[in-house]
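**Student:** Submitted below is the structure of interest, expressed as structure tokens.
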Amino acid sequence: MPFIEIDGLETRYEVLGDGPVLLMYSPGGFDARTEQWTDLGIYQRIKLLDHLPKKYKCILFDRRENGQSEGRVEQITWSHFVRQGAGLLDSLGVDKAHVMGGCMGCCPVAAFGVAHPERTLSMVHYWPVGGAKYRISGHQRFARHLAFVEENGLQAVVDLVRGHDKNFSADPRGGPWGQPIRNSEQFAKAYADLDKSQYLQTVTAMYRGLIDRDTAPGAEPEDLIALAIPS
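Number 57 in our numbering belongs to position 57 of the sequence shown; there are no gaps in the numbering.
Below, the structure written as structure tokens:
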């Protein structure tokens, strides 16, 4: 698959089919890569990519910090994922698109519609995350990672994730930057050298912002109600 630099990070993407453009935010939580559209649970059964490319130009991509896309340690918000999707459209010369997400990918779709209503032809939210159980389990996952860092340090995170292939959901101790650590020696070294106290503050602020409610995160309900976008 080809790569495009967006917001200073390389994004792996793929274009399938022809027709109206459909930008697809991958499912899989913190393992959101293009393969999840064919390999993960319900998506494996319904085989969307056997059908959608017959009518649409499907733009798939590994969300930053996932798959083969690059990552950067910072306080990530839904706006960061919006910039990645919008930047991909810009790079491919696309003005407007239908925007679809699966699972946690629905959150940046909602945020994209609010940020770029003039570019959003429609929004498709397939099996969106949300609910008290999702919020609680998400906070617990980050808490386990932060506790591991507090006790063992960041080099231990590097050693852990390079010793197996489990994602953040399967082994929360590895945190949300596990895949970039595996992909890049340079990233792994820079990660291990980060100030631990600052890292703990950054990740705490990040998860509180990303998973901040019992309804589906991504955009404020009042902003969504104001949109005139088919969904």
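We put the beta carbon where it would ideally sit given N, CA and C, even for glycine.
Counting pairs of Cβ atoms below 8 Å between the region 122-135 and the region 53-65, do you hit three or more?
**Tutor:** no
**Student:** Report back the beta-carbon spacing between P108 and L227 to the nearest angstrom; my notes put them in contact at under 8 Å.
**Tutor:** Start at 1 with the first residue of the sequence shown, and residue 108 comes out as number 108. Start at 1 with the first residue of the sequence shown, and residue 227 comes out as number 227. Going by Cβ atoms, the distance from P108 to L227 rounds to 15 Å, so no, they are not a contact pair.
**Student:** Just tell me which of A86, R119, P217 has its CA closest to the CA of E5.
**Tutor:** Within the sequence shown, the letter at position 5 stands for residue 5. The candidate whose alpha carbon is nearest that of E5 is A86.
**Student:** Grab the span of the beta strand (DSSP E) containing S122 for me, first residue to last.
**Tutor:** Position 122 of the sequence shown holds residue 122. Segment 120-126, the beta strand (DSSP E) holding S122.
**Student:** Where does M104 sit, in a helix, a strand or coil, going by DSSP?
**Tutor:** As a position in the sequence shown, residue 104 is number 104, starting the count at 1. Helix.
**Student:** Could you compute how far the alpha carbon of G93 sits from the alpha carbon of A156?
**Tutor:** Walking along the sequence shown from the start, residue 93 turns up at place 93. Walking along the sequence shown from the start, residue 156 turns up at place 156. Taking the straight line from one Cα to the other gives about 42 Å.
**Student:** In the DSSP output, which residue or residues are listed as bridge partners for I6?
**Tutor:** The count along the sequence shown starts at 1 and reaches residue 6 at position 6. Paired residues: L9.
**Student:** Since F148 is in the beta strand (DSSP E), which residue starts that stretch and which ends it?
**Tutor:** Within the sequence shown, the letter at position 148 stands for residue 148. Under the DSSP assignment, F148 falls outside any beta strand (DSSP E), being part of the alpha helix (DSSP H) whose first and last residues are 132-152.
**Student:** For the putative contact between T11 and F61, defined by C-beta atoms under 8 Å, what is the C-beta separation to the nearest angstrom?
**Tutor:** Numbered from its first residue, the sequence shown carries residue 11 at position 11. Numbered from its first residue, the sequence shown carries residue 61 at position 61. Cβ-Cβ separation between T11 and F61: approximately 6 Å, consistent with a contact (criterion under 8 Å).
**Student:** Determine which residues share a DSSP beta bridge with H98 and list them.
**Tutor:** If you number the sequence shown from 1, residue 98 lands on position 98. Paired residue(s): L22, S122.
**Student:** Nearest to L40 by CA position, among T215, E185, P27, is which residue?
**Tutor:** For the purposes of this step, residue 40 is identified with residue 40 of the sequence shown, where counting begins at 1. With distances taken between Cα atoms, L40 lies closest to P27.
**Student:** Grouping DSSP H, G and I as helix and E and B as strand, with all else coil, what is I229?
**Tutor:** Here the question's residue 229 lines up with position 229 in the sequence shown. Here I229 sits in coil by DSSP.
**Student:** Is it the case that the region 211-225 contacts the region 179-190, given that we only count it when at least three CB pairs across the two stretches are under 8 Å?
**Tutor:** no
**Student:** Please state the DSSP three-state secondary structure of K189.
**Tutor:** The count along the sequence shown starts at 1 and reaches residue 189 at position 189. Three-state DSSP puts K189 in a helix.
**Student:** To the nearest angstrom, how far is the alpha carbon of T202 from that of D165?
**Tutor:** Taking the sequence shown and counting its residues from 1, the one referred to as residue 202 is at position 202. Taking the sequence shown and counting its residues from 1, the one referred to as residue 165 is at position 165. Rounded to the nearest angstrom, the two C-alpha atoms are 25 Å apart.
**Student:** May I have a chain-ordered list of the alpha helix (DSSP H) segments no shorter than 4 residues that lie completely inside the region 33-62?
**Tutor:** 36-39, 41-46
**Student:** Within its chain, find whatever has a CB closer than 8 Å to the CB of V82; leave out the 5 residues flanking it on each side and keep chain order.
**Tutor:** On the sequence shown, position 82 is the one that residue 82 refers to. P108, A111, F112, A115, H116, listed in sequence order.
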